[in-house]
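Engineer:
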Amino acid sequence: MPRLTLSGLTKAYGRLTVVDSVDLTLEEGEFVSLLGPSGCGKTTTLRMIAGFVDPTGGSIAVDGTVLSAPGAVVPPERRGMSMIFQSYAIWPNMTVEENVAFGLKLRKLTREETRRRVGEILEVVQLSHLAHRYPAELSGGQQQRVALARAIVVKPAVLLLDEPLSNLDANLREEMRFEIRRLHDEFRITTVYVTHDQAEAMATSDRIAVMNAGRIEQVDAPHLLYTRPRTRFVAGFVGRTNLLEAQVTSGMLRVDGIALGPSTQPDGPVLVSLRPQAMTIHEAQPPLAGPVIEASIAERTYLGESWDYVVQPHGSALRLRAAAAPLEAHEVGRRVWLAIDPRQVAVVQ
Amino acid sequence: MSDAALPAAQVVRPSRLRRLEPVTFLWIVLIAALLVLVAAPILKMVVISFEEQDTGVFTIQNYVTAYGRARYLEALRNSLMLGTLSAAISVVIAVPMAWAVSRTDMPGKGFTWATVLAAFIMPPYLGAIGWILLAGPNSGWINVAWRDLTGATAPLVNVYTFTGMAFVIALHSFPLVFIFVKSALDLISSEMEDAANILGGGTWVTMRRVTLPLVWPSIMGGFILIFLETIALFGTPAIIGIPARINVVTTQLWQFFEDPVRVEVAAAFAIPLLLVTIALIAVQKLLLARKGFVSQTGKGGERRQIKLGPWRWVLFAWCFAVAMLSVGKPLTVLLQASFAKAWGRGFSFDNLTLRNYQFLLFEHDMAPQAVWNTVWFSGASATIAVVLALLVAYIVVRRLMRFADALGFLAMAPFVIPGIVMAIGFYAAYAGPPLSLYGSALLIILAFASRFLPIAYASSQAAIRAVHPEMEEAARILGSGRLHAIRKVTAPLLKTSLLGGWLVVFIVASRELSAAIFLVGPRTRTMSVLLYDLTEQGNFEVVSAFGGILLVITLAIVGIGMKLVGRDFMLRRE
Ligand SMILES: Nc1ncnc2c1ncn2[C@@H]1O[C@H](COP(=O)(O)OP(=O)(O)OP(=O)(O)O)[C@@H](O)[C@H]1O
Ligand SMILES: [Mg+2]
């Protein structure tokens, strides 16, 4: 039985539907991210799971027990979940230790047991030496660790995180990303993680649910989301891509007359996503079996980790972005050959 | 692996009961409380202004009476002029001080702050009494010294004049302008002035063309507030104006309450006060909101102090003079009188006595009772105001209810109702049958609570805004109910600011006169009312001693506040 099930989950404020029949299932111990642009309804979904917002349609169940349905909502304090907030919400009037012990006290654990578990978790997040400090005396990263410890120590049925890293600077954010994944590998708590940062979602998640305008567009493992986006929105939102109008004619996918490979789609116009990384640039015609296009370099930008080229296939008005390693420098105007990896050509809706 | 420690989570509650959350119930209670405290008195006042005494038949006769005599109309005109003059003098006093403290290297800034605070804390009627001792035409200190020096027979200054009264009022109102203008000046970065300088504007041109326009809305805002305070002020006009035969609206309202009491006429006569106040507060809101420039300009800019050279001593002399006139001198003569057998005999050892204090504390039949009344009325009303304001602010800020804003509106409404108007409303609504609360402690406490609710509300609202809702949510998701979360998390975080709000309400309530005077009975007189009664008897030594006791109590509370809440807790804007 899945740990967390959202079925047809809907939230409307007046006539504005901000979450639109979302279906999502998390197995026990799974880490799923909700990824999407600002205002797409991620926070609202998460707060419905937590019980702070009542759904207007659909239901939320944990271990098969319905916790939220329109008009019947178990309040947050009786859901056995934990949540980490964007503002951390560390209580400034309590020490680190008291913050972490709060949930345990409410569960009526013995004082011995409480102390032991607080000690253990502080060890895990490397805060033992700060147990008696007040939050005002901690750095942003340390506060974040307190929030993690406080949420994990109660061994929640589901852990919810709402953009927990957005207040940290770039370096710390990267470090905490790994920290969160490490804690998940250690405790295997079923987790829903909200973010609008795709790198963050990729680094931490087992699966990513991409949301747009209140709907889930695709749920998949990070690398599949990248290489095989199923909708136009996902292709554009996750990483950069070339979105091309293509034609399927008698089982062959063609863009502007250039054959990209066989397709199982019925004949007719389709939309194709072609990642910059799916193409390699050669100065001489490569002896490859796959599709190769003759083109010339129209623009180039050096980005440090890679080149960003704009190439123009001969006899076509298309402009394609292609990426290349730093040493692969080609002059603007030069005639080149583009080799396309057919496995990375994705037909999207 | 999850703890099964929260078994309730397994139970589904198809709860219709959840619809009747405690919040709904609380909301109904709060609406009822606010209707009793705010809406009913005002509505009742408006209604009875159109009713015949005793019969309650509709009439406009009250308005005919209230505006039918030249003397009454003159009171109206006097009030408007007095308000304008006091506000103008306040601006002249305060703007240079604010500029000096905010932008220049003037010495003695701490001293200037202390002056502002002291002038703010000192009840205005005590200042008025001090100035009677200083500038009474015959035996006032200044005039006696003037005659001794020059041999002249005419007095140099006379407090019993229109300008004298305006001046005394301004000396205790200017802190408001100071605070407004200083906070505006604090937000202007030196770079804005530098930009004008680089384009060729000299210091004075820059000040006139750049700095002044930027703080202009604040100056106007302060001006309007003082105008409104002045036209609603009772103490000083009664103490100085009545002997000087200068009649203003508030003293005229008081006369309508002398036997036979004509509440209906008083209500009719109070209506312009209410309308003018509402209109001007609206204007002030517009002024401060328009462009919103003051707050935007301050971003990131650095602020340098302007080097004044010798001029800084001129400015300091100005601040020093204000300190002397507003606090130093009145306080000195009050203290002298309170320890004197006869204040006119001056400072000498054989004139020294503790009789006045002894008389008040041990022999006077009303004074100890009045001290006690003041403390407990103020304490009770501050508690009611803060608790009510806190609950309303919580519901409004957290948007717990659909119509929460209605609560907030009612809680802020007394801000646009002059205290004296509020008092007439309370009198009209609750003094007579069926409740017959006239003269009871309850009536006074409720009136104070209502009058100062906006102060408590503004501070509660700011305090709750400062506590992120996620603080509470973090507690709830870990298993604590709404009330438990409030008790464990929100309340401890609000404690200090609430205490600050409570103390401010206590202090302003403890010196309140214009509402109290209409509502007290023989045994429920407060210190301020008794002080006024003593003034009418003309025994200034006893009056001064009583004023001394009032000041000691106020200072003790202010001291506690500064220690527990922070040094600026009285003068924070809003
Ligand atoms: N209480 C509310 N009343 C009305 N509309 C709301 C309310 N709460 C959220 N919304 C709207 O719902 C939409 C989704 O909000 P939500 O906070 O879930 O977005 P989000 O995906 O978390 O965005 P972000 O990345 O900016 O945090 C927004 O358009 C927001 O304006
Ligand atoms: Mg959000």
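Chains as they are written, first to last, in our numbering: chain R, 3 to 351; chain V, 29 to 602. From the three backbone atoms N, C-alpha and C, an ideal C-beta is built for every residue, glycine too. Please read these numbers as outputs of a predicted model, since none were measured by experiment.
1. Nearest-angstrom Cα distance between Ala-317 (chain V) and Ile-51 (chain R)?
2. Residues of the stretch 499 to 514 of chain V in Cβ contact with chain R at a cutoff of 9 Å, in chain order, please.
3. At a Cβ threshold of 8 Å, is Asn-214 (chain R) touching chain V?
4. Answer yes or no: does any C-beta atom of chain R fall closer than 8 Å to that of Val-684 (chain V)?
5. In angstroms with no decimal places, state the Cα-to-Cα distance between Glu-391 (chain V) and Ala-116 (chain V).
6. Can you round the beta-carbon distance between Val-604 (chain V) and Ser-107 (chain V) to whole angstroms, since I take them to be within the 8 Å contact cut?
7. State yes or no: is the beta carbon of Met-2 (chain R) nearer than 8 Å to at least one beta carbon in chain V?
8. Go through its chain and collect everything with a Cβ distance to Ile-259 (chain V)'s Cβ below 6 Å, but skip five positions before and after it.
9. With contact counted as at least three CB pairs below 8 Å, one residue from each stretch, are the stretch 267 to 284 of chain V and the stretch 297 to 315 of chain V in contact?
10. Cβ atoms of Val-350 (chain R) and Thr-233 (chain R): under 8 Å apart, would you say?
11. State buried or exposed for Gln-220 (chain R), treating a residue as buried only when at least 16 other CB atoms are found within 10 Å of its CB.
12. Flag Gly-105 (chain R) as yes if its beta-carbon sits less than 8 Å from any beta-carbon of chain V, otherwise no.
13. Would Ile-445 (chain V) be called buried (16 or more neighbouring beta carbons within 10 Å of its own) or exposed?
14. Here's a check: name, in chain order, each residue in its chain whose Cβ is nearer than 8 Å to the Cβ of Gly-263 (chain V), leaving out the five neighbours to either side.
15. Could you tell me whether the Cβ atoms of Ala-266 (chain V) and Trp-282 (chain V) are closer together than 8 Å?
16. Three or more beta-carbon pairs under 8 Å between the stretch 55 to 67 of chain V and the stretch 425 to 438 of chain V, yes or no?
17. Helix, strand or coil, according to DSSP, for Ile-83 (chain R) in the structure here?
18. Between Gly-121 (chain R) and the rest of its own chain, which residues show a CB-CB distance below 6 Å, the 5 nearest in sequence each way excluded?
19. Given 8 Å as the limit, is there contact between the stretch 502 to 509 of chain V and the stretch 565 to 577 of chain V, that is, 3 or more CB pairs closer than that?
20. Nearest to Glu-139 (chain R) by alpha carbon, out of R:Pro-94, R:Leu-11 and R:Met-213?
21. Taking Cβ positions only, does Ser-89 (chain R) come closer than 8 Å to chain V?
22. Which bits of chain A does Leu-522 (chain V) rub up against, with CB to CB less than 9 Å?
23. How far does the beta strand (DSSP E) with Pro-271 (chain R) in it reach, from first residue to last?
24. Let me know the secondary structure DSSP gives Asp-22 (chain R) once reduced to three states.
25. Pull up the DSSP beta-bridge partners for Tyr-195 (chain R), would you.
26. Please list the terminal residues of the continuous beta strand (DSSP E) segment that includes Lys-44 (chain R).
27. Cβ closer than 9 Å: which chain V residues qualify as neighbours of Val-221 (chain R)?
28. When the cut-off is 8 Å and only beta carbons count, does Ser-84 (chain R) lie next to chain V?
29. I believe Thr-243 (chain R) touches Ala-237 (chain R) by the beta-carbon criterion, under 8 Å. Please report the beta-carbon distance rounded to the nearest angstrom.
30. Quick one: residues in its chain with C-beta nearer than 7 Å to the C-beta of Val-156 (chain R), no 5 flanking neighbours on either side, listed in chain order?
31. Please confirm whether Leu-315 (chain V) and Gly-249 (chain V) have their CB atoms less than 8 Å apart.
32. Count the other C-beta atoms from every protein chain shown that fall within 10 angstroms of the C-beta of Gly-188 (chain R), then say buried if there are 16 or more, exposed otherwise.
33. With a threshold of 8 Å between beta-carbons, can Asn-1 (chain R) be considered close to chain V, or not?
34. From the DSSP output, read off the bridge partner residues of Asn-244 (chain R).
35. Put Ser-252 (chain R) into one of helix, strand or coil per three-state DSSP.
36. Cα-Cα, which of V:Val-536, V:Met-125, V:Thr-140 and V:Leu-213 is closest to Ser-409 (chain V)?
Structural biologist: The structure says:
1. 40 Å
2. Met-499, Glu-500, Glu-501, Ala-502, Ala-503, Arg-504, Ile-505, Leu-506, Gly-507, Ser-508, Gly-509, Arg-510, His-512 and Ala-513
3. no
4. Nothing about residue 684 (chain V) can be reported from this structure: the residues present for chain V run from 29 to 602 only.
5. 44 Å
6. As shown, chain V starts at 29 and ends at 602. That puts residue 604 (chain V) outside it, with no answer to give.
7. Look at the range of chain R in this structure, 3 to 351, and you will see that residue 2 (chain R) is not part of it.
8. Ser-107 and Gly-111
9. yes
10. yes
11. buried
12. yes
13. buried
14. Pro-151, Pro-152, Tyr-153, Ala-156, Leu-541, Ser-542, Ser-556 and Tyr-560
15. yes
16. yes
17. Reading off the sequence shown, one finds Met at residue 83 (chain R), where the question assumed Ile. If DSSP states are grouped into helix, strand and coil, Met-83 (chain R) belongs with the strands.
18. none
19. no
20. R:Pro-94
21. yes
22. Given the protein chain composition of this structure (R and V), no chain A is represented.
23. 270 to 276
24. strand
25. R:Ser-35 and R:Leu-163
26. Looking at the DSSP string, Lys-44 (chain R) is not in any beta strand (DSSP E); the run it does join, the alpha helix (DSSP H), is 44 to 52.
27. Simply none; closest approach about 23 Å.
28. yes
29. 5 Å
30. Ser-84, Gly-105, Leu-106 and Arg-109
31. yes
32. Residue 188 (chain R) is actually Glu in this sequence, not Gly. So Glu-188 (chain R) counts as exposed.
33. Limits of chain R in this structure are 3 at one end and 351 at the other, which puts residue 1 (chain R) out of reach.
34. R:Leu-276
35. coil
36. V:Val-536
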